[in-house]
Amino acid sequence: MPPPSDKGESDNPKQATRTPAEVRDHVGSHMEKAMGESFPQVEIRFRGVSIAVDVVVKDSNDANIELPTLFNAIKTSYHELRSTKNVVKKQILKNVSGTLKPGTMTLVLGQPGSGKSALMKLLSGRFPKDKNISVEGEVTYNGTPAAELQKRLAHLVSYVPQHDRHYALLTVKETLEFVHACCGGDLAEYWEKQFAHSSPEEKAEALEVVRAMYQHYPDLVIQQLGLENCQNTVVGDEMLRGVSGGERKRVTTGEMEFGNAYVKMMDEISTGLDSAATFDIITMQRSIAKKFRKTVVISLLQPSPELFA
Numbered sequence: 001m002p003p004p005s006d007k008g009e010s011d012n013p014k015q016a017t018r019t020p021a022e023v024r025d026h027v028g029s030h031m032e033k034a035m036g037e038s039f040p041q042v043e044i045r046f047r048g049v050s051i052a053v054d055v056v057v058k059d060s061n062d063a064n065i066e067l068p069t070l071f072n073a074i075k076t077s078y079h080e081l082r083s084t085k086n087v088v089k090k091q092i093l094k095n096v097s098g099t100l101k102p103g104t105m106t107l108v109l110g111q112p113g114s115g116k117s118a119l120m121k122l123l124s125g126r127f128p129k130d131k132n133i134s135v136e137g138e139v140t141y142n143g144t145p146a147a148e149l150q151k152r153l154a155h156l157v158s159y160v161p162q163h164d165r166h167y168a169l170l171t172v173k174e175t176l177e178f179v180h181a182c183c184g185g186d187l188a189e190y191w192e193k194q195f196a197h198s199s200p201e202e203k204a205e206a207l208e209v210v211r212a213m214y215q216h217y218p219d220l221v222i223q224q225l226g227l228e229n230c231q232n233t234v235v236g237d238e239m240l241r242g243v244s245g246g247e248r249k250r251v252t253t254g255e256m257e258f259g260n261a262y263v264k265m266m267d268e269i270s271t272g273l274d275s276a277a278t279f280d281i282i283t284m285q286r287s288i289a290k291k292f293r294k295t296v297v298i299s300l301l302q303p304s305p306e307l308f309a
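What follows is the structure in structure tokens.
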């Protein structure tokens, strides 16, 4: 662990006297002061978005389960060659429009299979493209069409998936440190360019708090997600025992805190979490959205009223 900053506890995010929310407010205030303007932000507008997919419907004979013998395999192949495919169009989204503004947190509600994930993947540039999938409508980011930003969209918009995918042998802390190294360990250099028009004193002060925060950022994320007790435990998977399902979900959420994305799409992040942990994460995201002018979109299955009161 690197030693604390010599400038005192006010510029060191690891000091116990500051909560993660207070650290963000402290750093954000210095950054805005040095920039002389608000943080970069992205507004998403989508109009008339529709998604449909062509699916093959099997008849009742195809549904019969037979023993995997050579004769049955040949018979099934012969039947598939002679039979005609019954293709139907399934509508996933139909004429959906809306605006996602920076500095706000938007809740997406809907029953399973209603298209919440499809919409969030489409807006984050991660929706799969295939010949049997048709997508209609217009999506813009600060007025720029999505087609012009396709290669950069993954850097502008982060996406927290429903399913947790990790390296099972890495510990929680190693996982977040790995993400930190891959997704912006040198972000302080980016912000140094943003502070170019400030006074030398403001620039030096802002860079000091930014570098201190990024230096300890994995520990800050661990603290704000309540992962201190399991930070040295392997993440694990179906074959290797590791952290619990709720803790693994928090690791997935924590991975998306790194980098410099202006928009966050968080899909069913409450799976496996109790109401208290979900409330803490929602509160954290609301604070980030307001202070750093992020556009945060969260889909939940059955949120309690106090989450968005």
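Going letter by letter, the sequence shown gives residues 1 to 309 in the UniProt record's numbering. Using N, Cα and C, we set each Cβ at its ideal position, and we do this for glycine too. In this text the structure is predicted, and so the values were computed from the model without any measurement.
F39 bridges to which residues according to DSSP? Walking along the sequence shown from the start, residue 39 turns up at place 39. DSSP lists no partner for F39.
With the cut-off set at 7 Å, would you say Q223 and P20 are in Cβ contact? As a working note, residue 223 is residue 223 in the sequence shown. As a working note, residue 20 is residue 20 in the sequence shown. A contact, by the Cβ cut-off of 7 Å.
Beta bridge counterpart(s) of A133 as assigned by DSSP: What you label residue 133 is simply residue 133 of the sequence shown in a count that begins at 1. Strictly speaking, residue 133 in this sequence is Ile, with Ala absent from that position. Answer by DSSP bridge pairing, in chain order: V53.
With 16 as the cutoff for other CB atoms within 10 Å, does Q111 come out buried or exposed? Here residue 111 corresponds to residue number 111 of the sequence shown, with the count starting at 1. Q111 is exposed by the Cβ-count criterion.
Alpha carbon to alpha carbon, how far is D130 from E257? Here residue 130 refers to the residue found at position 130 of the sequence shown. Here residue 257 refers to the residue found at position 257 of the sequence shown. For D130 and E257, the distance between alpha carbons rounds to 30 Å.
With C-beta atoms as the reference, is E43 less than 7 Å away from N142? Looking up residue 43 in the sequence shown gives position 43. Looking up residue 142 in the sequence shown gives position 142. Closer than 7 Å, so yes.
Candidates L225, M265, E148, G125: which alpha carbon is nearest F279's? Sequence index remark: in the sequence shown, residue 279 carries index 279 (1-based). Cα-wise, what sits closest to F279 is L225.
With S97 and G36 assumed to form a contact (beta carbons below 8 Å), what rounded beta-carbon distance in angstroms separates them? Taking the sequence shown and counting its residues from 1, one reaches residue 97 at position 97. Taking the sequence shown and counting its residues from 1, one reaches residue 36 at position 36. Going by Cβ atoms, the distance from S97 to G36 rounds to 35 Å, so no, they are not a contact pair.
Verify whether the separation of the beta carbon atoms of M265 and Y159 is less than 7 Å. In the sequence shown, counting from the first residue as 1, residue 265 sits at position 265. In the sequence shown, counting from the first residue as 1, residue 159 sits at position 159. Contact: yes.
For V57, collect the residues of the same chain with a Cβ closer than 7 Å to its Cβ; drop the 5 residues on either side in sequence, then sort them by chain order. Here residue 57 refers to the residue found at position 57 when the sequence shown is read from its first residue. So the qualifying residues of the chain are N86, V88.
Where the beta strand (DSSP E) containing K90 begins and where it ends: On the sequence shown, residue 90 is found 90 positions in, with the first residue counted as 1. From DSSP, the beta strand (DSSP E) with K90 extends over 86-100.
Can you determine whether any heavy atom of the ligand ADP sits closer than 6 Å to the C-beta of P128, and answer yes or no? Although the ligand ADP was asked about, the structure shown includes no ligands whatsoever.
With a threshold of 6 Å on Cβ separation, who are the neighbours of K116 within its own chain once the five nearest residues in sequence on each side are excluded? Here the question's residue 116 lines up with position 116 in the sequence shown. The answer, listed in chain order, is V108, G110, S299.
Using DSSP's beta-bridge definition, name the partner residues of R250. As a first step, residue 250 is located in the sequence shown; it is residue number 250 there, counting from the start. According to DSSP, which records beta bridges pairwise, R250 is partnered with nothing at all.
Through-space distance from V157 to A277, alpha-carbon basis: Position 277 of the sequence shown, counted from the first residue, corresponds to residue 277. Position 157 of the sequence shown, counted from the first residue, corresponds to residue 157. If you take the alpha carbons of A277 and V157, they lie about 24 Å apart.
Whole-angstrom C-beta distance between A206 and A34, which should lie under 8 Å: If you number the sequence shown from 1, residue 34 lands on position 34. If you number the sequence shown from 1, residue 206 lands on position 206. Right, the Cβ-Cβ distance comes to about 4 Å (below 8 Å), so this counts as a contact.
Of all the alpha helix (DSSP H) runs that stay within the bounds of the region 250-300, which reach a length of 4 or more residues? 275-292
Measuring CA to CA, which of H163, E174, R126 is closest to A154? Along the sequence shown, one-based indexing puts residue 154 at 154. With distances taken between Cα atoms, A154 lies closest to R126.
Rounded separation between E22 and L240 - CA only: Taking the sequence shown and counting its residues from 1, one reaches residue 22 at position 22. Taking the sequence shown and counting its residues from 1, one reaches residue 240 at position 240. Taking the straight line joining both Cα atoms gives about 37 Å.
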